[in-house]
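Chemist: Numbering (our numbering), first residue to last: 150 to 441.
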Amino acid sequence: MIFDSYAHFRDNPQYNKFVDKDYLIVEFKCPIEAENFKSWSQCHYITYVLSGRKKWLTPEREWNLTAGESIFVHKGAYLNRQYFEEDFCVLMFFMTDRFIKNFVLSDLEQGIHLDPAGPDDCDLIETIEVSETLENLYHSFFGYLRQKDRIPKKIIELKFREMVLNIMSNPSNGRVTSAILNIARNDGLSLEKVMEENFLYNLSLEEFARLAGKSLSSFKRDFQSAFNSTPGRWLTGRRLEHARQLLLGTGLTVKEICFDTGFENPSHFTNAFRKRFGQTPNQYRKMEKATA
């Protein structure tokens, strides 16, 4: 089961948080005890670490966060690695596409000068430089959280906007600025981008549809048009091809490859691999090594 971070914090009353239809602010100690786990969010988010350490990993890169550091994370799925020497405590600021679009239209297109890094020069995760002013802004949310039942939502939204504007007005955060402007000026992610960025994670079709900003029926219809295949068939084929590459190019075990490629369990992975390639993963690896 992949951890749905946005829904978990939105729906559980034990957390210290603000919730609105287009944003969520939460302070928490990580509720997961596993060293490695996969998580996803239908919203973009900013994380600011108060204590402890955690990694966010994609197939291409990893980001190691410690106390006082911050990142901007595109909506989607990621592998996380935890360290238990110290409790991992954070502030998280979730925001929908609509929040970002409204923010850019109302605040940023009023003559404010920004220094984006370039429209295509951004990763799924971007490091945020935490200036003294931004650090003070992050910590100011504790006072609001302590009085959350007495603070008008409009004040919280203005504080949220101030925080994002502070990040984007820092020239050192040009890549974050590019990422946010790209979200604001595009009508969501293309299906191709959603699938290529997230096929390694065991998301349901409903969750893929939410990432694409579509209803399930629209997602299936548009997927057939874009890929000339069903989502399930395409996902299985894409995961199997990636698994084959890992078998031949790494020393990972079959169980590790199963985990890394989004299959439900090793039995399901082995059966699907045998059906596609005519051999079990271990047999395929041995045969390829023998003929190399």
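Yeah, the Cβ is synthetic: ideal placement off N, Cα and C, and Gly gets one too.
Take every Cβ of the stretch 271-281, pair it with every Cβ of the stretch 203-221, and state whether three or more of those distances are shorter than 8 Å.
Modeler: yes
Chemist: Taking the continuous alpha helix (DSSP H) assigned at F368, which residues delimit it?
Modeler: What you label residue 368 is simply residue 219 of the sequence shown in a count that begins at 1. Taken as a continuous stretch (DSSP letters only), the alpha helix (DSSP H) holding F368 covers 365-376.
Chemist: Report the residue ranges of all beta strand (DSSP E) runs contained in full by the stretch 187-254; include only those spanning at least 3 residues, in chain order.
Modeler: 193-200, 202-206, 211-215, 219-222, 225-231, 238-244
Chemist: Just reading off the beta strand (DSSP E) that K166 is part of, what are its end residues?
Modeler: Counting from 1 along the sequence shown, the entry for residue 166 is found at position 17. K166 -> beta strand (DSSP E) spans 165-168.
Chemist: If you reduce the DSSP assignment to three classes, tell me which class E405 lands in.
Modeler: By 1-based counting over the sequence shown, the position of residue 405 is 256. DSSP places E405 in helix when its eight states are reduced to three.
Chemist: I need the straight-line Cα distance from K224 to T410, nearest angstrom please.
Modeler: Counting from one through the sequence shown, the residue named residue 224 turns up at place 75. Counting from one through the sequence shown, the residue named residue 410 turns up at place 261. Straight-line spacing of the CA atoms in K224 and T410 works out to 19 Å.
Chemist: Would you please state the rounded distance, in angstroms, between the beta carbons of L389 and R425? I believe it to be under 8 Å.
Modeler: Along the sequence shown, one-based indexing puts residue 389 at 240. Along the sequence shown, one-based indexing puts residue 425 at 276. That belief holds up - the Cβ atoms of L389 and R425 are roughly 5 Å apart, short of 8 Å.
Chemist: Taking only beta-carbon positions, decide if F158 is within less than 7 Å of chain B.
Modeler: Protein chain content of the structure displayed is limited to a single chain, and chain B is not contained in it.
Chemist: Select from D169, K203, E356 the residue whose C-alpha is nearest the C-alpha of P180.
Modeler: Within the sequence shown, residue 180 is the residue found at index 31, counting from 1. Residue K203 is the option with its Cα nearest to P180.
Chemist: Just tell me which of L173, K404, V198 has its CA closest to the CA of L294.
Modeler: Here the question's residue 294 lines up with position 145 in the sequence shown. Closest option to L294, Cα to Cα, is L173.
Chemist: For L384, report the span of its alpha helix (DSSP H) as first-last.
Modeler: As a first step, residue 384 must be located in the sequence shown, where it is residue number 235. Where L384 is concerned, the enclosing alpha helix (DSSP H) stretches over 380-398.
Chemist: Would you call S154 buried or exposed, if buried means 16 or more other Cβ atoms sit within 10 Å of its Cβ?
Modeler: Here residue 154 is taken as the residue at index 5 of the sequence shown, counted from 1. With 16 or more Cβ atoms within 10 Å of its Cβ, S154 is classed as buried.
Chemist: Determine the burial state of F417: buried for a count of at least 16 other Cβ atoms within 10 Å of its Cβ, exposed for fewer.
Modeler: Stepping through the sequence shown from its first residue, residue 417 is reached at position 268. The sequence shown places His at residue 417, rather than the Phe named in the question. By the 10 Å Cβ count, H417 comes out exposed.
Chemist: Just to confirm my understanding: we take S321, look at its own chain, exclude 5 residues before and 5 after, and list those with CB closer than 6 Å. What are they?
Modeler: Within the sequence shown, numbered from 1, the residue matching residue 321 stands at position 172. E278.
Chemist: The beta strand (DSSP E) that contains T276, what's its start and end?
Modeler: For the purposes of this step, residue 276 is taken as the residue at position 127 of the sequence shown. First-last of the beta strand (DSSP E) with T276: 274-277.
Chemist: Based on the DSSP output, what are the partners of V175 in its beta bridges?
Modeler: Position 26 of the sequence shown, counted from the first residue, corresponds to residue 175. DSSP output for V175 lists K166, M241 as bridge partner(s).
Chemist: With F418 as the anchor, note down where its alpha helix (DSSP H) starts and where it stops.
Modeler: Numbered from 1 along the sequence shown, position 269 holds the residue referred to as residue 418. For F418, the uninterrupted alpha helix (DSSP H) run begins and ends at 415-426, by DSSP.
Chemist: List the whole-angstrom C-beta distance separating L384 from T326, where the pair is believed to meet the contact cut-off of C-beta under 8 Å.
Modeler: On the sequence shown, position 235 is the one that residue 384 refers to. On the sequence shown, position 177 is the one that residue 326 refers to. At roughly 33 Å, the Cβ-Cβ gap does not stay under 8 Å, so L384 and T326 are not in contact.
Chemist: Going straight from the alpha carbon of H193 to that of L283, what length do you get?
Modeler: What you label residue 193 is simply residue 44 of the sequence shown in a count that begins at 1. What you label residue 283 is simply residue 134 of the sequence shown in a count that begins at 1. Straight-line Cα distance between these residues: approximately 19 Å.
Chemist: Just the Cα atoms here: how many angstroms apart are W205 and L228?
Modeler: Residue mapping note: residue 205 aligns to position 56 of the sequence shown, counting from 1. Residue mapping note: residue 228 aligns to position 79 of the sequence shown, counting from 1. Cα to Cα, the separation comes out at about 6 Å.
Chemist: Can you give the Cα-Cα distance for E355 and P380, rounded to whole angstroms?
Modeler: Against the sequence shown, residue 355 aligns to sequence position 206. Against the sequence shown, residue 380 aligns to sequence position 231. Cα to Cα, the separation comes out at about 11 Å.
Chemist: First and last residue of the alpha helix (DSSP H) that includes Y433?
Modeler: Position 284 of the sequence shown holds residue 433. Where Y433 is concerned, the enclosing alpha helix (DSSP H) stretches over 430-440.
Chemist: Looking at the secondary structure, which residues open and close the alpha helix (DSSP H) in which M317 lies?
Modeler: As a position in the sequence shown, residue 317 is number 168, starting the count at 1. Here the alpha helix (DSSP H) through M317 covers 302-317.
Chemist: Does the distance from the C-beta atom of L450 to that of V239 stay below 7 Å?
Modeler: Missing from the structure shown is residue 450; the chain here goes from 150 to 441 and no further.
Chemist: Would F158 and V175 qualify as a contact pair, given that the criterion is a beta-carbon distance under 7 Å?
Modeler: Here residue 158 corresponds to residue number 9 of the sequence shown, with the count starting at 1. Here residue 175 corresponds to residue number 26 of the sequence shown, with the count starting at 1. Yes; because the gap between Cβ atoms is below 7 Å, this pair is in contact.
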